Amino acid sequence: MNALEVKELSKNYGTYQALDNVSFSIKKGEVFGLLGPNGAGKTTLINILIGILTANKGEVTYFGETLNESVKNKINVSSAYRSVSAMITVEQNLRVYADIYNVKNPEERITELLKRFLINDIRKKKVREISSGQKTRVNLCKALINSPEILFLDEATAGLDPQIAKTVREEIKKLDCTILFTSHIMSEVEELCDRIAFLRKGKIIGIETAEHYKKLLHKTHTNPTLEDVFISIAEEKL
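Take our numbering: the last position of the sequence shown gets the number 487, and nothing is skipped along the way.
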């Protein structure tokens with residue numbers, strides 16, 4: 250059984266078609282990349298998958314179940330476009346989420362995560378007082394607080410300096426869960442993702458490995474990169 254199944258998902262806002270019959274599946278334990286230019290429908294898709302938006306048509310199942318309360322306890326999300334509360338401390342934020350997910354031994358789990366992402370020293374600081382890169386790592390701690398079976402990482406390394414971003418990627422590789430991963434940094438997509446789906450104008454136009462996509466450009470590019478593929482798809486040349 251696949252961890253996530255998406256079947257013929259469509260979403261429109263009036264006459265604008267944000268998603269058009271999107272279908273894909275993610276295997277258990279797979280790191281699945283979702284790429285596309287701005288306006289392709291990535292944010293809309295993720296918001297439907299985590300229950301913030303409702304699709305006009307289609308079906309989403311997790312391990313064969315629709316998104317019920319039991320399933321919600323098995324998923325989590327870290328996004329550069331959403332943040333924890335700025336008015337309370339890092340530690341207090343994580344305690345709130347530990348309580349929401351009924352985490353056993355929450356203090357141990359919070360300390361473990363803060364140390365893993367090298368931010369234990371800021372646990373008593375209010376979120377409004379920390380840097381954007383530190384906020385990104387706090388969001389990652391929040392996303393892992395419940396040891397999710399399916400994790401959505403939306404621009405997970407945004408705002409991080411190269412060395413910290415490398416540390417985060419190494420931690421992502423160690424995770425024992427299914428991951429849907431989006432990023433504008435093509436090198437990390439290639440490094441982390443088993444397969445990559447490209448969205449363009451609300452439609453999935455391919456689901457393949459990075460190497461397969463690059464082979465498609467061999468006739469027109471010397472040693473094509475995944476970024477070359479991304480540009481070609483955005484410009485509708487592929």
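Every residue gets a Cβ at the ideal spot worked out from N, C-alpha and C, and that includes glycine. All figures in this text were calculated on a predicted structure; none of them were measured in a lab.
Hey, out of the options, whose CA is closest to residue i's CA?
{"i": "Tyr262", "options": "Val271, Leu302, Ile445, Lys256", "result": "Leu302"}
{"i": "Tyr330", "options": "Leu258, Ser319, Lys384", "result": "Lys384"}
{"i": "Asn317", "options": "Ile299, Gly282, Leu402", "result": "Ile299"}
{"i": "Ile434", "options": "Asp348, Cys426, Leu448, Arg418", "result": "Arg418"}
{"i": "Ser319", "options": "Ile399, Thr416, Glu357", "result": "Ile399"}
{"i": "Ile453", "options": "Glu485, Glu437, Asn251", "result": "Glu485"}
{"i": "Leu268", "options": "Arg449, Gly382, Leu424, Leu362", "result": "Arg449"}
{"i": "Lys276", "options": "Thr416, Leu389, Cys442, Ala414", "result": "Cys442"}
{"i": "Asn251", "options": "Tyr265, Phe273, Gln266", "result": "Phe273"}
{"i": "Ile445", "options": "Ser436, Gly455, Glu437", "result": "Gly455"}
{"i": "Leu362", "options": "Tyr350, Arg377, Asn351, Asn395", "result": "Asn395"}
State buried or exposed for residue i, treating a residue as buried only when at least 16 other CB atoms are found within 10 Å of its CB.
{"i": "Gln412", "result": "exposed"}
{"i": "Lys291", "result": "buried"}
{"i": "Asn342", "result": "buried"}
{"i": "Lys260", "result": "buried"}
{"i": "Ile295", "result": "buried"}
{"i": "Lys364", "result": "exposed"}
{"i": "Glu502", "result": "With the chain covering only 250 through 487, there is no way to say anything about residue 502."}
{"i": "Asn472", "result": "exposed"}
{"i": "Ala335", "result": "exposed"}
{"i": "Thr427", "result": "buried"}
{"i": "Asp403", "result": "buried"}
{"i": "Glu308", "result": "exposed"}
{"i": "Thr493", "result": "The question about residue 493 has no answer here: the residues shown for the chain are numbered 250 through 487."}
{"i": "Gly278", "result": "exposed"}
{"i": "Tyr265", "result": "exposed"}
DSSP three-state call for residue i: helix, strand or coil?
{"i": "Val352", "result": "coil"}
{"i": "Ser481", "result": "helix"}
{"i": "Thr314", "result": "It should be pointed out that residue 314 corresponds to Glu in this sequence rather than to Thr. Here Glu314 sits in strand by DSSP."}
{"i": "Thr360", "result": "helix"}
{"i": "Leu343", "result": "helix"}
{"i": "Ser274", "result": "strand"}
{"i": "Ile399", "result": "strand"}
{"i": "Ile368", "result": "coil"}
How would you write the range of the alpha helix (DSSP H) that residue i sits in, first residue to last?
{"i": "Ala289", "result": "Here Ala289 belongs to no alpha helix (DSSP H), and DSSP marks it neither H nor E."}
{"i": "Gly382", "result": "381 to 393"}
{"i": "Lys373", "result": "Looking at the DSSP string, Lys373 is not in any alpha helix (DSSP H), and its letter there is neither H nor E."}
{"i": "Arg418", "result": "411 to 423"}
{"i": "Leu441", "result": "435 to 441"}
In terms of residue numbering, what span does the beta strand (DSSP E) encompassing residue i cover?
{"i": "Tyr311", "result": "306 to 311"}
{"i": "Lys256", "result": "253 to 262"}
{"i": "Ala329", "result": "Where Ala329 is concerned, there is no enclosing beta strand (DSSP E), given that its DSSP letter is neither H nor E."}
{"i": "Lys452", "result": "452 to 457"}
{"i": "Ala446", "result": "444 to 449"}
{"i": "Leu302", "result": "Where Leu302 is concerned, there is no enclosing beta strand (DSSP E), given that its DSSP letter is neither H nor E."}
{"i": "Phe430", "result": "427 to 431"}
{"i": "Phe281", "result": "280 to 284"}
Indicate whether residue i and residue j have their beta-carbon atoms separated by less than 7 Å.
{"i": "Ala392", "j": "Ser327", "result": "yes"}
{"i": "Val387", "j": "Val333", "result": "yes"}
{"i": "Leu429", "j": "Phe312", "result": "no"}
{"i": "Ile324", "j": "Pro397", "result": "yes"}
{"i": "Phe401", "j": "Leu284", "result": "no"}
{"i": "Ile359", "j": "Ile371", "result": "no"}
{"i": "Ala304", "j": "Leu258", "result": "yes"}
{"i": "Lys375", "j": "Thr338", "result": "yes"}
{"i": "Gly451", "j": "Leu409", "result": "no"}
{"i": "Ala483", "j": "Pro355", "result": "no"}
{"i": "Leu487", "j": "Glu439", "result": "no"}
{"i": "Asp477", "j": "His470", "result": "yes"}
For the ligand FAD, any of its heavy atoms closer than 6 Å to the Cβ of residue i?
{"i": "Cys426", "result": "Ligands in the displayed structure: none, and consequently the ligand FAD is not present."}
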